[in-house]
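Read in this note's numbering, the sequence shown has 757 at position 265, and its numbers run on one by one without any break. All C-beta atoms in this analysis are idealised placements derived from N, C-alpha and C, irrespective of residue type, glycine included.
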Amino acid sequence: MKLKWHLIFLFFLFIIGFAAATVQRTEETLVKDSFQVDPSNYKAFEFRFDLQSMIGTRLAGSFLAQGNNSKDIEVYVMDEYALINWKNGFQAKSIFDSGRVSAGVFDTAMDKDHFYVIVDNSFSDSVKNVSLRLDATFDKAFLGLSYYSIFVLGALIFAGAFYGIIVFYGTKTQMEIRDWLIPAIVLILLVGFSWFFNPNVLTLITGLVSLVVAVSTFENIRLTRKTVEEMKATRISQTRPHVIVDLELENFLMFLALRNIGNGVARDVVLNFDPPLGNSQGMVVSEMPLFKKVDYFAPDKKIRTLFDSGISYFGASPKLPRVFNVSLSYVDDEKKEKYEEVIKLDLSIYESLHFTTKKDMNDLVKETDAIKKTLERIERNLRADHSRN
493 MKLKWHLIFL FFLFIIGFAA ATVQRTEETL VKDSFQVDPS NYKAFEFRFD LQSMIGTRLA
553 GSFLAQGNNS KDIEVYVMDE YALINWKNGF QAKSIFDSGR VSAGVFDTAM DKDHFYVIVD
613 NSFSDSVKNV SLRLDATFDK AFLGLSYYSI FVLGALIFAG AFYGIIVFYG TKTQMEIRDW
673 LIPAIVLILL VGFSWFFNPN VLTLITGLVS LVVAVSTFEN IRLTRKTVEE MKATRISQTR
733 PHVIVDLELE NFLMFLALRN IGNGVARDVV LNFDPPLGNS QGMVVSEMPL FKKVDYFAPD
793 KKIRTLFDSG ISYFGASPKL PRVFNVSLSY VDDEKKEKYE EVIKLDLSIY ESLHFTTKKD
853 MNDLVKETDA IKKTLERIER NLRADHSRN
């Protein structure tokens with residue numbers, strides 16, 4: 493399955509999760525009627541609510557009573573157990589009790605899934621004409637499912653799909669999702685939308701399974717991104733330039749070398765030595781144009797210059813620096829990638845070598861001058877002896 497199908501599937505889950513986590517505010521008229529209630533009698537309306545799919549349920553009502561001799565009525569809202577007690581003359585706890593009035597309104601939260609609205613005229617000996625309206629308002633979960641389970645399911649799918657879309661779009665990879673992952677998500681959808689299960693059990697199962705799948709999804713995405721990053725790093729390492737600076741030895745002479753050991757062209761190579769690199773003759777080698785900036789440096793190219801002799805450098809007084817930090821910065825041939833690094837150039841590792849047993853160019857010059865002066869002195873003496881004779 494290619495990336496575009498991953499994105500389509502994740503976008504589908506995104507829509508489902510958004511819809512599942514969305515509730516719809518609903519108002520439903522239960523009763524809108526006018527009727528008569530005989531003397532010493534009552535009229536009852538029975539209702540059943542599916543509170544598992546109704547959030548924040550409220551029952552609102554209004555009533556008006558009219559009669560020839562009296563215009564009063566009593567209205568109750570009570571559950572089935574309270575109704576039994578009330579019908580048998582015992583004290584009953586009502587959800588709403590209007591008292592004896594001619595008209596009234598009420599608006600009460602409803603947490604009972606089975607209840608009755610009673611219009612009572614049992615206290616009177618006259619007929620009452622009653623107008624009654626009852627409305628229920630509530631937030632209805634998507635497809636009427638248990639809002640506990642659908643919130644868990646919807647939130648996880650929404651978050652997982654949204655995260656997946658961003659990650660896969662950002663990586664632009666053609667990697668495949670594990671084969672078991674998509675069937676697992678589909679299974680969760682089927683379980684979540686099977687409303688014939690016990691809602692409490694469904695909540696637990698859906699939450700746990702969704703959590704496992706979400707964690708597995710994130711882990712798969714993380715591994716995919718890691719693989720892509722490793723592939724990118726490998727590709728870059730095979731084609732990138734890699735500039736180094738190093739010290740090279742030939743007999744008793746030291747050379748400072750700049751090399752591109754990578755497979756790509758380096759441009760705008762800039763070096764900075766800390767402290768500045770100078771030799772025993774007082775020349776600051778790091779200020780040479782070669783070690784300031786190189787505009788174009790081909791792969792496998794090396795440039796070097798004579799730095800100093802080992803005897804002169806390590807024998808100089810005062811003592812010259814042994815350790816230098818060389819900062820390098822350069823870009824690739826297309827100037828898309830910039831590379832920066834610091835190389836530690838440690839000359840002290842060469843100090844204990846055989847430099848002290850050999851003579852450098854200065855010593856050879858001195859010896860040559862001494863031989864020349866000796867020959868000149870011998871020649872003068874020979875001429876003087878010849879003149880005396």
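With residue i as the anchor, note down where its alpha helix (DSSP H) starts and where it stops.
i, result
"I610", "First-last for I610: 606-612, but that is the beta strand (DSSP E), not the alpha helix (DSSP H)."
"K579", "572-579"
Leaving out five residues on either side along the sequence, give the residues of the same chain with a beta carbon under 6 Å from the beta carbon of residue i.
i, result
"F689", "For F689, the predicted structure reports a pLDDT of 45, less than 50, and the residue's modelled location is therefore unreliable. A value from the coordinates is still provided. Closer than 6 Å at the Cβ level, and outside the excluded window around F689, lies no residue."
"L750", "V737, I795"
"D766", "N817"
"L745", "S801"
"T549", "M602, F630"
"A552", "D599, D627"
"V834", "N817, S819"
"S821", "V762, E832"
"S840", "R814"
"E520", "A628"
"W578", "A584"
"D612", "Y534, E566"
What residues in its chain sit with their C-beta under 8 Å from that of residue i, if we drop five residues either side in the sequence?
i, result
"M780", "T797"
"Y592", "Just to set this straight, residue 592 is Arg in the shown sequence, not Tyr. Excluding positions up to five away in sequence, the list reads D564, I565, E566, F615."
"S526", "N621, V622, S623, L624"
"V776", "P768, L769, G770"
"L782", "L750, I795, T797"
"I728", "E829"
"P810", "none"
"L739", "M746, F747, L748, A749, F799, L837, L839, Y842"
Could you tell me how far apart the beta carbons of residue i and residue j are, in whole angstroms, since I believe they sit closer than 8 Å?
i, j, result
"K793", "V761", "About 11 Å separates the two Cβ atoms, so there is no contact after all."
"N764", "Y805", "Their Cβ separation, rounded to whole angstroms, is 21 Å, which puts N764 and Y805 out of contact at 8 Å."
"N755", "T731", "6 Å"
"D571", "K535", "Not a contact, Cβ separation roughly 18 Å."
"N621", "G581", "27 Å between Cβ atoms; not a contact."
"R517", "H606", "Their Cβ separation, rounded to whole angstroms, is 23 Å, which puts R517 and H606 out of contact at 8 Å."
"F799", "V757", "Going by Cβ atoms, the distance from F799 to V757 rounds to 26 Å, so no, they are not a contact pair."
"P733", "D838", "About 24 Å separates the two Cβ atoms, so there is no contact after all."
"Y568", "S586", "5 Å"
"R814", "D787", "That belief does not hold up - the Cβ atoms of R814 and D787 are roughly 32 Å apart, past 8 Å."
"N752", "P791", "6 Å"
Assuming residue i is part of the beta strand (DSSP E), what are its boundary residues?
i, result
"K770", "Checking the sequence, you will find Gly at residue 770 rather than Lys. Neither: G770 is in no beta strand (DSSP E) and is coded neither H nor E."
"V762", "758-766"
"V593", "Where V593 is concerned, there is no enclosing beta strand (DSSP E), given that its DSSP letter is neither H nor E."
"N743", "No beta strand (DSSP E) contains N743, which DSSP labels as neither H nor E."
"V619", "That residue, V619, is in no beta strand (DSSP E); it is neither H nor E in DSSP."
Near residue i, what residues of its chain come up, given a Cβ to Cβ distance below 7 Å and the 5 sequence neighbours on each side ignored?
i, result
"S778", "F765, P768, L769"
"V523", "F537, L624, R625, L626"
"E868", "none"
"L741", "Y842"
"A574", "A584, K585, S586"
"L845", "G802"
"E722", "none"
"N561", "S618"
Please tell me whether, using a cut-off of 7 Å, the distance from the CB of residue i to the nearest non-hydrogen atom of the ligand GDP is below it.
i, result
"A536", "By its list of ligands, the structure shown contains no ligand whatsoever, and the ligand GDP lies outside what it can speak to."
Cβ pair count under 8 Å reaching 3, the stretch 525-544 against the stretch 586-599: no
Segments of 3+ residues assigned as beta strand (DSSP E) that fall wholly inside the stretch 771-829: 785-789, 794-801, 815-823
Residue ranges of each beta strand (DSSP E) within the stretch 537-568, 3 or longer: 546-559
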